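Numbering (our numbering), first residue to last: 35 to 183. Here a beta-carbon is modelled for each residue, glycine too, at the ideal position from N, C-alpha and C. Predicted, not measured: the structure shown is a model, and the values here were computed from it. Worksheet: the structure to be examined is printed underneath.
Structure, rendered in structure tokens:
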């Protein structure tokens, strides 16, 4: 029989992928902090009023119950900003904890469109949910890296 040199590398790659997927599905999900923080940098309002398209906050923020379920906004700008019903003065922070998985809409003067969506996902308790949660997090990280380039 002829040896197929490509078989061993393919089998190795497939085996590693299967093991990685199994780990992602079985391993518990942890987070270093329950907070997900965003900063409104100094000069944001001035740049926007000068006509610059300043995108400092994403259109959608994804949070996960029991992992990252507290949104923290810090206003480092020179002018007050409004987030939902809250007026944030310069230098002020807002901590907004979420206890229910849902999709929330907020008015936001720091955002280019004037509003922001907060999606709070349930804790990924099943193996399939953990696998999907990790895949989404990896895709989000990849998107952020590509967007910075």
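Mapping DSSP to helix, strand and coil, what is residue i?
i: residue 43; result: helix
i: residue 67; result: coil
i: residue 35; result: Only weak support is given to the placement of residue 35: the predicted model assigns it a pLDDT of 48, under 50, and the value that follows is read from those uncertain coordinates. It is coil, neither helix nor strand.
i: residue 89; result: coil
i: residue 136; result: strand
i: residue 161; result: helix
i: residue 74; result: strand
i: residue 152; result: strand
i: residue 141; result: strand
With a cut-off of 8 angstroms on the beta carbons, I'd call residue i and residue j a contact; round off their distance for me.
i: residue 74; j: residue 107; result: 7 angstroms
i: residue 132; j: residue 118; result: Their Cβ separation, rounded to whole angstroms, is 12 angstroms, which puts residue 132 and residue 118 out of contact at 8 angstroms.
i: residue 156; j: residue 99; result: 6 angstroms
i: residue 187; j: residue 143; result: Only positions 35 to 183 of the chain appear in the structure, and residue 187 is not among them; the question remains open.
i: residue 130; j: residue 105; result: 5 angstroms
i: residue 97; j: residue 44; result: Going by Cβ atoms, the distance from residue 97 to residue 44 rounds to 39 angstroms, so no, they are not a contact pair.
i: residue 150; j: residue 95; result: 7 angstroms
i: residue 137; j: residue 102; result: With a Cβ gap of about 16 angstroms, residue 137 and residue 102 do not count as contacting.
Can you say whether residue i is buried or exposed, counting buried as having 16 or more other CB atoms within 10 angstroms of its CB?
i: residue 164; result: buried
i: residue 40; result: exposed
i: residue 78; result: buried
i: residue 57; result: exposed
i: residue 93; result: exposed
i: residue 112; result: exposed
i: residue 35; result: Model confidence at residue 35 stands at a pLDDT of 48, short of 50, so the residue's coordinates are unreliable; what they give is reported in the following sentence. Exposed, by the Cβ-count rule.
Is the shortest distance between the beta-carbon of residue i and the beta-carbons of chain D less than 8 angstroms?
i: residue 69; result: Looking for chain D here will not work: only one protein chain is present.
Open item on the list: For the structure I just gave you, are there three or more beta carbon pairs, one from the segment 78-85 and one from the segment 47-56, closer than 8 angstroms?
Closed with: no
Open item on the list: Which runs of the beta strand (DSSP E) at least 3 residues long sit entirely within the segment 84-128? Give them in chain order.
Closed with: 94-98, 104-109, 115-117 and 120-122
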